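Written out below as structure tokens is the structure these notes cover.
Residue numbers (this note's numbering), protein chains in the order written: chain S, 837 to 1058; chain U, 837 to 1058.
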């Protein structure tokens, strides 16, 4: 499968790119608003993988060109950019492509991090509302610590929750997730259930901040 | 320590009462709006514990009388009753007593369970707003599966998140939590951070509903 990581130069995009390239045979494509930046980062990832004995070609392209090359497009961009990003790449999406939304809205105040629930209900819902007809939207990878994900020496041993209204698309994304060693995908239902998943991300940050020795936290449902 | 479980005849109250009586030497007191019901349930818990070789006296009282006897008062009542319950027992609380809020607001629709965020910000905040001066409020035990908690044969192996604006009170409640075998208490900061913890409870229900073999779910931060 061909997976484009838009915002693939950012932290969560980097982690997913490296993990998929390292643990699976899927083709990974890095997207950015800046094609040069995408190419540079894609090359960096290639060097990192090469140093671990994995020889793989990672392409870097401007977002729309990256989306054009992919079957699954992960919107690893800040939450306030997801709507614009979907709009910018809409023409590059084919029927049957899958959009994946890992972003979550957070705000910080003196007490800690808090979920900033969008008016639409969730960031995943914003993507669903903006997606062209025939393109399924799946929410996943919201609660992964970027640093741990990008460190291929770190064991994951965590869960990711997957939501979507198209069961086939949800199953494909769950399979992609479980292709990554140590990552278990759990079904959390439809997109209407995305807000509680997105709200878990600021909670993970708060818990990491308040407990010595805990950082880059993930979650296991047991 | 003397711990009153108001709503101690309900599912989460039952679980905490049994666990504290079984795993610790704290005195457990069951409270209910109906004193007779409290006595009956307290007796049932005593029989259950006796069958496991633990001989312990559990008292059952009307909520205010139960609170009057306790140092720590757990509001194991439905979220729409917490405000009234605090009001009803306010005269029975002494300075230095601690109120513990485990409740969370949920609503269910065709998609699943959703967090019903109170106007005050969280259920824990409702309790804090209603608590008399000198009585500290701590949020804890929001994300425990009641059935698993009440089954003394079940291993817990889960975390509970503790929030509060009074560090001493928060520490006391964390210690009470960790007195229960298999329960780890993690600090999640102040009461302002309670909403994301409460929102985790409907998510646990959704995940249990959508994944075969998962039920009575708890969470581990790893």
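Note that the Cβ used here is the ideal one computed from N, Cα and C, for glycine as well.
Only a predicted model underlies this, so the values are computations on that prediction, with no experimental measurement involved.
Just checking my contact of residue 875(S) with residue 896(S) at CB under 8 Å: how many whole Å lie between their CB atoms?
The beta-carbon distance between residue 875(S) and residue 896(S), rounded to whole angstroms, is 4 Å. This is short enough to meet the 8 Å contact definition.
Which of the residues in the region 923–951 of chain S, read from start to end, lie with their CB under 9 Å from any CB of chain U?
Against chain U - using a Cβ distance shorter than 9 Å - the residues of the region 923–951 of chain S are 945, 946, 947, 948, 949, 950 and 951.
Tell me, to the nearest whole angstrom, how far the beta carbon of residue 974(U) is from that of residue 998(U); I am working on the premise that it is less than 8 Å.
At roughly 6 Å, the Cβ-Cβ gap stays under 8 Å, so residue 974(U) and residue 998(U) are in contact.
C-beta neighbour in chain U for residue 1057(S), strict 9 Å
By this cut-off, residue 1057(S) is an interface position.
Looking at the secondary structure, which residues open and close the beta strand (DSSP E) in which residue 943(S) lies?
Per DSSP, the unbroken beta strand (DSSP E) holding residue 943(S) starts and ends at 942–945.
Could you run through the region 996–1023 of chain S and flag, in chain order, every residue whose CB is less than 8 Å away from some CB of chain U?
Under the 8 Å Cβ criterion, the region 996–1023 of chain S contributes 997, 1022 and 1023.
As assigned by DSSP and simplified to three states, the class of residue 981(S)
Reduced to three states, the DSSP call for residue 981(S) is coil.
Please identify, using Cβ separations under 8 Å, the residues of the region 983–995 of chain S that lie next to chain U, in order along the chain.
When C-beta distances to chain U are compared with 8 Å, the residues of the region 983–995 of chain S below that value are 993 and 994, in chain order.
Apart from the five residues on each side of it in sequence, which residues of its chain come closer than 7 Å, Cβ to Cβ, to residue 952(S)?
Excluding the 5 residues flanking it on each side, residue 952(S) has same chain C-beta neighbours closer than 7 Å at 941, 942 and 943, in chain order.
Quick one: does residue 1047(U) have its CB under 9 Å from some CB of chain S?
Chain S, which has a Cβ nearer than 9 Å to the Cβ of residue 1047(U), makes this yes.
Going by beta-carbon coordinates alone, are residue 960(S) and residue 979(S) separated by less than 9 Å?
Contact: no.
Would the region 980–993 of chain U and the region 1033–1040 of chain S be scored as touching if the rule is three or more Cβ pairs under 8 Å?
Segments in contact, no.
Would you kindly work out how many angstroms separate the C-alpha atoms of residue 1031(U) and residue 947(S), rounded to a whole number?
Rounded to the nearest angstrom, the two C-alpha atoms are 12 Å apart.
According to DSSP, is residue 1012(U) part of a helix, a strand, or is it coil?
Reduced to three states, the DSSP call for residue 1012(U) is helix.
Contact check, residue 936(S) vs residue 976(S), beta carbons under 9 Å
Yes, Cβ-Cβ distance for residue 936(S) and residue 976(S) is below 9 Å.
I'd like to check one pair, residue 1000(S) with residue 1026(S): are the Cβ atoms closer than 9 Å?
Yes, they are a contact pair.
Which residue marks the beginning of the alpha helix (DSSP H) containing residue 1039(S), and which one marks its end?
For residue 1039(S), the enclosing alpha helix (DSSP H) starts and ends at 1030–1046.
Going along chain S in order, which residues have a C-beta closer than 8 Å to the C-beta of residue 974(U)?
In chain order: nothing, as chain S lies at least about 14 Å away.
Within 8 Å: the Cβ of residue 840(S) and any heavy atom of the ligand HEM?
The ligand HEM is absent from the structure shown, which contains no ligands of any kind.
Taking residue 1038(S) as the query, report the chain U residues whose CB atoms sit under 9 Å from its CB, ordered along the chain.
Chain U residues near residue 1038(S): 1029 and 1032.
If we count the other Cβ atoms within 10 Å of its Cβ and call it buried at 16 or more, is residue 855(S) buried or exposed?
Buried, since its Cβ has 16 or more Cβ neighbours within 10 Å.
Simplified DSSP state of residue 995(S), which is helix, strand or coil:
Here residue 995(S) sits in strand by DSSP.
Beta-carbon within less than 6 Å of residue 898(U)'s beta-carbon, same chain only, minus the 5 sequence neighbours each way: which residues are those?
The answer, listed in chain order, is 871.
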